[in-house]
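Have a look at the structure below before the remarks.
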Ligand SMILES: Nc1ncnc2c1ncn2[C@@H]1O[C@H](COP(=O)(O)OP(=O)(O)O)[C@@H](O)[C@H]1O
Ligand SMILES: [Mg+2]
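Residue numbers (the working numbering), protein chains in the order written: chain C, 1001 to 1245; chain X, 139 to 390.
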């Protein structure tokens, strides 16, 4: 593992995105626009907007980074650049950490915009500070990135990679408790929701934007999110093969 | 196959080899792509790996750089087992399809690969001159023609001047003048001690090589020099000579 190569990889991935200004504009503007849409959808029910919109500020980066990472990595696999990198003096960790760096920076930019709009302009409340929401957003983005890296190994085409969104992310969003509290779900679904990393990402954010004392539950959520990120990265590293058939 | 290789190696005195392959066996997608292949690549030579499309050139090269899962055999590269970690900075591999980032500029691509292999950025201009792309620094790679992209890919592998270069069809689709220039550069590198293993399915390129490896259907038909091939077949034209070799192989 080398700091030089990791940093260079992070810069390279950011460079790829920098050459695509439209992607950057969408990345930064779409979450804020969706949040604004929610604000006026729930014009008469501000407490619903608070309970959905505030956690969403920290969940958008998860979803977006998942998609962008899986497609960037898939391109790396199909364009032959991954094969080239694997013949060079580069460790798999350099590649994974480089991706983490790049998408961590992007996630931070995205979180700043969406939090500024949500908590600054649209009247969302963050009793424990916006900084906590921002930090959780970055952790969630890294989880999304790690899952995207892993799942990209199972897609042959970009069409397939995009389908992983409804296949893997939507069910987690539905079951995480964002739209309906989990104890009102069928017991089987509630049990399943405990196995999904997104549930913990949401739970942490829900605690962060609700009044009341923060306790160990938040810590547990954060530990689970970090653990799931590490596990996905480790599994992702296994899918990066120096030798292929 | 074996007998012939032993005969050849007794004809030629044992020289230092950059690559030694013994009894290589590769299965891809359930097919035996290379059943059993042995060869040597002389240190400091420009060795051409020639054969029709689909004969296994890419598979052989991937095996040499350690990117291919092989079923059996022994491959020694610069004295180490193929694919060992220490070789990663000493073997340059250019894949058949250009493996560079289409959404980055030429300069950004080379700058990235320079950092990965740990050479100073000053090498970039020098390397681009070698492949005739010095005016292309700020061009986005996806806006380049296929041949230009191939040269960016080649330049990326030349940055750290590895002692062994494995180049998969580097001259295909280039204009003749440029192709000639590249062969000149390959020989210049070889005079400096670099070993180059270069594949092509165009038999004309055989004349540019010091040594030839003629392949067909996963088998090595000859490991000789262009002149030895001419002498053996009585054909001046290397394309015709290759045809004769194939006839001889299927006749016996
Ligand atoms: N990924 C793969 N899976 C299965 N078979 C493959 C794969 N790649 C190549 N082959 C087969 O291996 C043989 C040799 O291919 P290749 O090494 O690419 O030949 P060449 O480079 O000489 O054109 C061909 O028959 C080809 O169809
Ligand atoms: Mg080939």
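The beta carbon of each residue, even a glycine, is placed where N, CA and C say it ideally should be.
Treat the numbers as computed from the prediction; the structure is a model and nothing was measured.
Query, Result
"In or out: residue 1041 (chain C) buried (at least 16 other Cβ within 10 Å) or exposed?", "exposed"
"What residues from chain C crowd round residue 246 (chain X), counting only those whose CB sits closer than 8 Å?", "1012, 1015"
"With a threshold of 8 Å (Cβ to nearest heavy atom), would residue 307 (chain X) be considered close to ligand 2?", "yes"
"Do the CB positions of residue 1010 (chain C) and residue 1099 (chain C) come within less than 9 Å of each other?", "yes"
"Give me the Cα-Cα distance between residue 1155 (chain C) and residue 1070 (chain C), rounded to the nearest whole angstrom.", "9 Å"
"Counting beta carbon pairs with one atom in the segment 335 to 352 of chain X and one in the segment 306 to 321 of chain X, are three or more of them shorter than 8 Å?", "yes"
"Indicate whether at least one CB of chain C lies closer than 9 Å to the CB of residue 369 (chain X).", "no"
"With respect to the beta strand (DSSP E) encompassing residue 173 (chain X), which residues constitute its N-terminal and C-terminal limits?", "169 to 180"
"Excluding the 5 residues flanking residue 1227 (chain C) on each side, which residues of the same chain have their C-beta closer than 8 Å to its C-beta?", "none"
"Can you find a heavy atom of ligand 2 that lies under 8 Å from the Cβ of residue 176 (chain X)?", "no"
"Please state if the CB of residue 232 (chain X) and the CB of residue 220 (chain X) are separated by a distance shorter than 9 Å.", "no"
"Have a look at C:1057, C:1006, C:1061 and flag the residue whose alpha-carbon is nearest the alpha-carbon of residue 1027 (chain C).", "C:1061"
"Return helix, strand or coil for residue 336 (chain X), following the three-state DSSP convention.", "strand"
"Kindly provide the chain-ordered list of residues whose Cβ lies closer than 5 Å to any non-hydrogen atom of ligand 1.", "X:166, X:167, X:171, X:191, X:192, X:193, X:194, X:195, X:196, X:197"
"Which of the three DSSP states is assigned to residue 186 (chain X) in this structure?", "strand"
"Roughly how many whole angstroms lie between the Cα atoms of residue 1187 (chain C) and residue 1175 (chain C)?", "12 Å"
"Return the bridge partner residues of residue 159 (chain X) from the DSSP annotation.", "X:177, X:213"
"Of all the options X:256, X:155, X:264, X:193, which has the alpha carbon lying nearest to the alpha carbon of residue 353 (chain X)?", "X:193"
"What is the DSSP secondary structure of residue 361 (chain X), counted as helix, strand or coil?", "strand"
"Is it buried or exposed for residue 246 (chain X), if we count other Cβ within 10 angstroms and need 16 for buried?", "buried"
"Go through its chain and collect everything with a Cβ distance to residue 1203 (chain C)'s Cβ below 6 Å, but skip five positions before and after it.", "1221"
"Give a single yes or no on whether residue 234 (chain X) has its beta carbon closer than 8 Å to a heavy atom of ligand 2.", "yes"
"Taking 9 Å as the threshold (C-beta atoms), are residue 1085 (chain C) and residue 254 (chain X) in contact?", "yes"
"Quick one: grab the DSSP three-state call for residue 1097 (chain C).", "helix"
"Along chain X, which residues have their Cβ under 8 Å away from the Cβ of residue 1158 (chain C)?", "Within chain X, no residue comes near residue 1158 (chain C); the closest Cβ sits about 14 Å away, beyond 8 Å."
"Would DSSP call residue 1134 (chain C) helix, strand or coil?", "helix"
"Which one of X:312, X:189, X:328 has the shortest CA to CA distance from residue 383 (chain X)?", "X:189"
"Please state whether DSSP places residue 231 (chain X) in a helix, a strand or coil.", "strand"
"With distance defined between alpha-carbon atoms, name the residue in C:1024, C:1030, C:1008, C:1145 nearest to residue 1067 (chain C).", "C:1145"
"With residue 351 (chain X) and residue 187 (chain X) assumed to form a contact (beta carbons below 8 Å), what rounded beta-carbon distance in angstroms separates them?", "5 Å"
"For residue 150 (chain X) and chain C, any beta-carbon pair shorter than 9 Å?", "Bear in mind that a pLDDT of 44 at residue 150 (chain X), under 50, signals an unreliable position, so the number given afterwards is only what the model happens to contain. No, no contact with chain C."
"Using DSSP's beta-bridge definition, name the partner residues of residue 278 (chain X).", "X:243"
"According to DSSP, is residue 238 (chain X) part of a helix, a strand, or is it coil?", "coil"
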